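Residue numbers (the working numbering): 55 to 349.
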């Protein structure tokens, strides 16, 4: 017998979700809800949205859940003795672009940025726990003002690679927690330490060893995980080893190739190829996941 929840409980849950997503002023723009029991059997699935055509089968960008993969990849290097969480020298040697960054503290009376020298060192642990001193422009007005010149073309979406290179620190390392680009730097660190392409490394050391034969890592825009999980699998740390995901490719595979990916509403989002420009390795976001309905 297929595990399930009581019919009246399921009905109550659907009403609750609809009330949160379909009112004139919804609390949520949309929701795709899956519930599993302790054995990872899916017992409830439902999708609801006022604005978008969501279903249980919709594809959703799960953004920073991708950090799980970047963290596993780096911790494997720690296990192998190739890196250490608190070794600041590896940042200086392997990520010199990051090691020399200054700290933006404000602006003078004519609007010129005030930059001071970095005090203290950055460690891989700081990259992983968001304390290395960096931050996104869309969370931090100081950074957005700094990047304002040519903002339309110089931001984390339009040109993440150059934006991360250009952005100063906002705090001294280890003194402040802020959601930033630490995992993007971590992904570059992994590549340089191993002298391997990130996609190849993930396939060899994580996906292949776990038997995730139908999961892929797409690099054209900078490293997007594109997946179609099977009926009972979730993109959660505790389910990672058990997951078997069916590939759903959204992005073209080679520079210069054109194409599109599907949005959560089923429409097509135009793809702009990166060409041969040096790509930022996104170790911290850009995962896609698709939840099919079970019979």
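Even glycine gets a Cβ: it sits at the ideal position worked out from N, Cα and C.
These numbers were taken from a predicted model, which means no experiment stands behind them.
Residue i by DSSP, collapsed to three states: which one?
i           : result
residue 356 : Outside the shown range of the chain (55 to 349) lies residue 356, about which nothing can therefore be said.
residue 160 : strand
residue 222 : coil
residue 127 : helix
residue 253 : helix
residue 189 : coil
residue 244 : helix
residue 236 : helix
residue 60  : coil
residue 291 : Model confidence at residue 291 stands at a pLDDT of 31, short of 50, so the residue's coordinates are unreliable and nothing is read from them.
residue 65  : helix
residue 73  : helix
residue 118 : helix
residue 215 : helix
residue 110 : coil
residue 139 : coil
residue 153 : helix
Give every residue of the same chain whose Cβ lies closer than 6 angstroms to the Cβ of residue i, excluding the five residues on either side of it in the sequence, and list them in chain order.
i           : result
residue 223 : 155, 157, 187, 188
residue 58  : 97
residue 164 : none
residue 61  : none
residue 181 : 236, 239, 240
For residue i, which residues from the same chain have a beta carbon less than 8 angstroms from its beta carbon, with the 5 sequence-adjacent residues on both sides left out?
i           : result
residue 231 : 183, 184, 185
residue 140 : 177, 178, 179
residue 70  : none
residue 194 : 224, 232
residue 68  : 100, 102
residue 168 : 158, 159, 160, 161, 162
residue 171 : 156, 157
Kindly give me the distance between the Cβ atoms of residue i and residue j, rounded to whole angstroms, as I take these residues to be in contact under 8 angstroms.
i           : j           : result
residue 130 : residue 259 : 6 angstroms
residue 239 : residue 149 : 6 angstroms
residue 85  : residue 75  : 5 angstroms
residue 175 : residue 227 : 6 angstroms
residue 151 : residue 219 : 6 angstroms
For the beta strand (DSSP E) that residue i lies in, which residues bound it at each end?
i           : result
residue 96  : 96–103
residue 167 : 167–170
residue 89  : 84–90
From what residue to what residue does the alpha helix (DSSP H) around residue i run?
i           : result
residue 260 : Counting along the chain, residue 260 falls outside any alpha helix (DSSP H), and DSSP gives it neither H nor E.
residue 148 : 143–148
residue 182 : 178–182
residue 197 : 195–200
Which same chain residues, not among the five before or five after residue i, have their C-beta less than 7 angstroms away from its C-beta?
i           : result
residue 146 : 153
residue 55  : none
residue 263 : none
residue 82  : 74, 75
residue 247 : 131, 136, 137, 148
residue 72  : 102
residue 173 : 226
residue 64  : 98
residue 80  : 74, 104
Taking one C-beta from the segment 124–140 and one from the segment 83–103 each time, how about it: are there three or more such pairs within less than 8 angstroms? These segments do not touch.
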